[in-house]
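Student: Residue numbers (this note's numbering): 1238 to 2082. Cβ coordinates follow ideal geometry from the N, Cα and C atoms, glycine included. One structure is given below, represented as structure tokens, and several questions about it will come after.
Here is the structure:
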């Protein structure tokens, strides 16, 4: 069992899964616990054999720790365990145990804010009860006083979000890998993460894991992004001023929730020391109280500015009523409601906290509460004046040494700051003045690049007096401080709601900045429900996925490529183009093309604009990828088998509202087996599943699908080779990265290998070998070849045999040693052997 008191403070999401397998399929109960908000989220789902619903929920919610129990354990559940082990979570299997209503009530009731009778609906399912019981029991949630009477239970929303699996998250580079910065444009999260606050960064991650399928909410988000895009002054003010002063409200609300669980009467019986009360209050300080106050103040100013901006733009009729309604619905109405409930909190802070001191980074309660505090406050002021007097004395000395007169009293040539390992007060001057402070009265602390830091004996004495005064003031203010923090902590749930609203504003501003700061501006896509509503005019149908000059945002953002990204068009619909087969050379841009369509869909469904000149995108309920694969040796899974597992999951889960992207399916086995599998899987996706499918492949024969069935279109990426002008038999390979209609007839693999720097002799031999095999394959594959054609081919091969033998004979004449002869003819012997086999094959045919 795990003790939540021993968990890292960053671990905030725990999960328990109870799984049952029957003839009708697997059924699972899932329970999540957010130890920051004290919320249990539960659901019951019926899943398929690939457990794609469970995987999607785990990807979406990303638990830090996970336990699971299985009834009727079978070998077939290996897939489920593989999915669990793929999550970046600490996982453990526990024994399955039936849980009655009485047993769950006994363990759950002490944690709930309301009576357990209020949650009868959530606890009806026995498999939910089992998962919830395992969650509370394993993580000992009922043994932590901070959860007593503070928890809620709610149903976890399963619908309303686009499903994605782990393969999709990895293949599309949605999140940075370990070691990558979260602010660098090597992942989609890094590209979009222009958030100003920590709460905004977390909100962005949540949105990327949970793309919406609700057309109305997506449209509202896009309305607000459009509003910020058109209002430069407001955008800069919110981003550069207001959000900059918003603290990490999530962490503070978590601290406050823990403080709210403490019985204040118990505190009075404890020794009244600042340090003990700080430990008891779980390191929740007056600084946290003031930071929340500042965030509320900035939110109030933000609300006022947004409201005024809407009034001005509305009066000038530059803002549509739809956009105004969206802003009020998502931001202003919720923000106004929350701010109205913080009036008591604002009064508390303004009555108890010395805000002037707080502006200087010192957090004290005001002194008028007790005579002792007033006396200590006067003592602090006296010491502060003495420090300032001493600073002016040193400053006057500096100007006298310079031979100058200080005409600007507001400009400080000598500054006071805390420095050194002992964190005592020091003086700072510019390094050019170091020569004036070499006297023994001045004790050097450190020399920086531009500064000279030193102390005097008098300043050290004043610093010690100040520390002593502050320490005594902190002890004297303990009772008032404790009461202030205890009252402030009761607002933790409101702080959590405020964090949600400000995080939303921050993310939408980040979307705006990403769209505006891209090499080419992003545009607002038109989102449709995906229904076929105009069969007579397919180009106007709601099922159409069309993008004009679409770009890959991550590739475009890399500034070191030295070339401009080549944009391409996309046009898919249910009236002739549901499956797109893309062929072409290696490095030609096939993978980039299919990935950018998937990323564009994802961006549109989180409410962001897309990198194109124009776009219409239907709502997708599922995004599935089969791009790349790797083996899992410890599980006995080869690369090809892993590839087939992913393909099987796609075929089981795909629906007409699914976007499927497949890259190089079947490359891990023989050419004929791979082609057969690719053909069959592509046919199933377009005919039976009717999913939007992009199929990048080197099996050029798959282009025949366009003529074999409906709703298939061929595209190819373009490239060309040309001979060097000065060096014979060497090619220059040029990639155009342009996607055009039609199918490719060559992969140019040898040309790409030449670019990689393979030895010239290896490239030459590869070209020769490929040419010979193509000749032989052409004869074998051409069943209508006439006798005359076979004779011509044999004659050609015989000529090559004669030429090869002639070269061997010449080498024998000019070679001086047997070893030299062997080296000269080694490649020739291999070629002759292959030609002989080809001749035998043609003759037997």
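(1) Indicate the three-state DSSP secondary structure (helix, strand or coil) for residue 1653 in the structure shown.
(2) Applying the criterion that 16 or more other CB atoms from any shown protein chain within 10 Å of the CB defines a buried residue, is residue 1903 buried or exposed?
(3) Indicate the three-state DSSP secondary structure (helix, strand or coil) for residue 1748 in the structure shown.
(4) Which same chain residues, not among the five before or five after residue 1510, have their C-beta less than 7 angstroms away from its C-beta?
(5) Residue 1944 and residue 1916 - do their beta-carbons sit closer together than 9 angstroms?
(6) State buried or exposed for residue 1790, treating a residue as buried only when at least 16 other CB atoms are found within 10 Å of its CB.
(7) Does the separation of the CB atoms of residue 1317 and residue 1288 fall below 9 angstroms?
(8) Spatial neighbours of residue 1964 within its chain, please: CB distance less than 6 angstroms, with the 5 preceding and 5 following residues excluded, ordered by chain position.
(9) Under the assumption that residue 1806 contacts residue 1785 (Cβ atoms under 8 angstroms), give the Cβ distance between them as a whole number of angstroms.
(10) I need the straight-line Cα distance from residue 1690 to residue 1601, nearest angstrom please.
(11) Rounded to a whole number of angstroms, what is the C-alpha to C-alpha distance between residue 1435 and residue 1541?
(12) For the structure I just gave you, are there three or more beta carbon pairs, one from the stretch 1293-1305 and one from the stretch 1519-1529, closer than 8 angstroms?
(13) May I ask you to verify whether the stretch 1667-1678 touches the stretch 1634-1641, counting CB pairs closer than 8 angstroms and requiring at least 3?
(14) Quick check: residue 1950 and residue 1751, are their CB atoms within less than 9 angstroms of each other?
(15) Quick one, are the C-beta atoms of residue 1860 and residue 1837 less than 9 angstroms apart?
(16) According to the neighbour-count rule (16 or more other Cβ atoms, all chains shown, within 10 Å of its Cβ), is residue 1871 buried or exposed?
(17) Which same chain residues end up closer than 7 angstroms to residue 1653 when comparing Cβ atoms and leaving out the 5 residues on each side of it in sequence?
(18) Go through its chain and collect everything with a Cβ distance to residue 1253's Cβ below 6 angstroms, but skip five positions before and after it.
(19) Beta strand (DSSP E) containing residue 1683: first to last residue?
(20) Who are the near neighbours of residue 1862 in its chain, counting only those whose CB is closer than 6 angstroms to its CB and skipping five residues on each side?
(21) Only counting the same chain, and skipping five residues up and downstream in sequence, which positions put a Cβ closer than 8 angstroms to that of residue 1703?
(22) State buried or exposed for residue 2007, treating a residue as buried only when at least 16 other CB atoms are found within 10 Å of its CB.
(23) Tell me the start and end of each unbroken alpha helix (DSSP H) in the stretch 1351-1426 that is at least 4 residues and wholly inside, in chain order.
(24) Which of the three DSSP states is assigned to residue 1308 in this structure?
(25) In whole angstroms, what separates the C-alpha of residue 1705 from that of residue 1684?
(26) Hey, residue 1901 and residue 1864: beta-carbon distance below 9 angstroms or not?
(27) Out of 1692, 1445, 1688, state which residue places its alpha-carbon closest to the alpha-carbon of residue 1681.
(28) Excluding sequence positions up to five away, which residues of its chain have a Cβ less than 6 angstroms from the Cβ of residue 1726?
(29) Where does the unbroken beta strand (DSSP E) through residue 1764 begin, and where does it stop?
(30) When you compare the stretch 1560-1574 with the stretch 1454-1464, are there three or more beta-carbon pairs, one atom per stretch, that lie closer than 8 angstroms?
(31) Taking C-beta to C-beta, are residue 1490 and residue 1274 nearer than 9 angstroms?
(32) Can you check which of these residues, 1344, 1377, 1328, 1309, is closest to residue 1272 by C-alpha distance?
(33) Rounded to whole angstroms, how far is the Cβ of residue 1379 from the Cβ of residue 1344, which I believe are closer than 8 angstroms?
(34) Per DSSP, which one or two residues make a beta bridge with residue 1278?
(35) Using a threshold of 8 angstroms, is the CB atom of residue 1767 nearer than that to any non-hydrogen atom of the ligand MN?
(36) Can you list the beta strand (DSSP E) stretches of 3 or more residues lying completely in the stretch 1781-1835, in chain order?
Tutor: Here's the rundown:
(1) Translated into the one-based positions of the chain shown, residue 1653 becomes position 416. Residue state, collapsed to three classes: strand.
(2) To locate residue 1903, count along the chain shown from 1; it is residue 666. Under this definition residue 1903 is a buried residue.
(3) The count along the chain shown starts at 1 and reaches residue 1748 at position 511. Here residue 1748 sits in helix by DSSP.
(4) Here residue 1510 is taken as the residue at index 273 of the chain shown, counted from 1. Bear in mind that the predicted position of residue 1510 carries a pLDDT of just 41, short of 50, making it too unreliable to give a figure here.
(5) Translated into positions along the chain shown, residue 1916 becomes position 679. Translated into positions along the chain shown, residue 1944 becomes position 707. No, Cβ-Cβ distance for residue 1916 and residue 1944 is not below 9 angstroms.
(6) As a first step, residue 1790 must be located in the chain shown, where it is residue number 553. So residue 1790 counts as buried.
(7) As a working mapping, residue 1317 is identified with position 80 in the chain shown. As a working mapping, residue 1288 is identified with position 51 in the chain shown. Yes. Within cutoff.
(8) Stepping through the chain shown from its first residue, residue 1964 is reached at position 727. With a pLDDT of 47 at residue 1964, under the threshold of 50, the predicted position of this residue should be treated as unreliable, though the coordinate-derived value follows. Taking residue 1964 as the centre and dropping the five residues before and after it, the same chain places no C-beta closer than 6 angstroms to its C-beta.
(9) If you number the chain shown from 1, residue 1806 lands on position 569. If you number the chain shown from 1, residue 1785 lands on position 548. Yes, they are in contact, since the Cβ atoms of residue 1806 and residue 1785 sit about 6 angstroms apart, within 8 angstroms.
(10) Counting from one through the chain shown, the residue named residue 1690 turns up at place 453. Counting from one through the chain shown, the residue named residue 1601 turns up at place 364. Here the C-alpha atom of residue 1690 lies approximately 28 angstroms from the C-alpha atom of residue 1601.
(11) Stepping through the chain shown from its first residue, residue 1435 is reached at position 198. Stepping through the chain shown from its first residue, residue 1541 is reached at position 304. One C-alpha to the other measures close to 23 angstroms.
(12) Too few Cβ pairs lie closer than 8 angstroms, so no.
(13) Three or more Cβ pairs closer than 8 angstroms define a contact, and the stretch 1667-1678 meets that threshold against the stretch 1634-1641.
(14) Position 713 of the chain shown, counting from 1, holds the residue named residue 1950. Position 514 of the chain shown, counting from 1, holds the residue named residue 1751. In this structure, residue 1950 sits away from residue 1751, with a CB-CB distance that is not shorter than 9 angstroms.
(15) By one-based count along the chain shown, residue 1860 stands at place 623. By one-based count along the chain shown, residue 1837 stands at place 600. No.
(16) As a position in the chain shown, residue 1871 is number 634, starting the count at 1. Note on residue 1871: pLDDT 49, under 50, position unreliable in the model; the coordinate value appears next. Exposed is the call here.
(17) As a first step, residue 1653 must be located in the chain shown, where it is residue number 416. The residues are 1624, 1628, 1662, 1664.
(18) Counting from one through the chain shown, the residue named residue 1253 turns up at place 16. Taken in chain order, the residues that qualify are 1268, 1304, 1368, 1371, 1372.
(19) The residue given as residue 1683 occupies position 446 in the chain shown. Note, residue 1683: beta strand (DSSP E), 1680-1684.
(20) Working through the chain shown from its first residue, we reach residue 1862 at position 625. 1404, 1405, 1408, 1898, listed in sequence order.
(21) Here residue 1703 is taken as the residue at index 466 of the chain shown, counted from 1. Closer than 8 angstroms at the Cβ level, and outside the excluded window around residue 1703, lie 1617, 1620, 1621, 1624, 1662.
(22) Within the chain shown, residue 2007 is the residue found at index 770, counting from 1. Exposed: under 16 other Cβ atoms inside 10 Å.
(23) Fully contained in the stretch 1351-1426 are the following alpha helix (DSSP H) runs of length 4 or more, in chain order: 1363-1375, 1403-1408.
(24) Start at 1 with the first residue of the chain shown, and residue 1308 comes out as number 71. For residue 1308, the three-state secondary structure derived from DSSP is strand.
(25) Within the chain shown, residue 1705 is the residue found at index 468, counting from 1. Within the chain shown, residue 1684 is the residue found at index 447, counting from 1. If you take the alpha carbons of residue 1705 and residue 1684, they lie about 28 angstroms apart.
(26) Taking the chain shown and counting its residues from 1, the one referred to as residue 1901 is at position 664. Taking the chain shown and counting its residues from 1, the one referred to as residue 1864 is at position 627. Their beta carbons are under 9 angstroms apart, which means residue 1901 touches residue 1864 by this criterion.
(27) In the chain shown, counting from the first residue as 1, residue 1681 sits at position 444. Taking only the C-alpha atoms, the option nearest residue 1681 is 1692.
(28) One-based indexing of the chain shown puts residue 1726 at position 489. Around residue 1726: 1493, 1496, 1497.
(29) On the chain shown, residue 1764 is found 527 positions in, with the first residue counted as 1. It spans 1763-1765 - the beta strand (DSSP E) in which residue 1764 sits, taken as one unbroken run.
(30) The stretch 1560-1574, when compared against the stretch 1454-1464, does touch it at the 8 angstroms Cβ threshold.
(31) In the chain shown, counting from the first residue as 1, residue 1490 sits at position 253. In the chain shown, counting from the first residue as 1, residue 1274 sits at position 37. Contact: yes.
(32) Within the chain shown, numbered from 1, the residue matching residue 1272 stands at position 35. Considering only alpha carbons, the answer is 1377.
(33) Walking along the chain shown from the start, residue 1379 turns up at place 142. Walking along the chain shown from the start, residue 1344 turns up at place 107. About 6 angstroms separates the beta carbon of residue 1379 from that of residue 1344, a gap short enough to meet the 8 angstroms contact definition.
(34) The residue labelled residue 1278 in the question sits at position 41 within the chain shown. Answer by DSSP bridge pairing, in chain order: 1269, 1391.
(35) In the structure shown, the ligand MN is absent, as is every other ligand, since no ligand is present at all.
(36) Assignment of beta strand (DSSP E) within the stretch 1781-1835, counting only whole runs of 3 or more residues, yields 1782-1787, 1805-1809, 1816-1820 in chain order.
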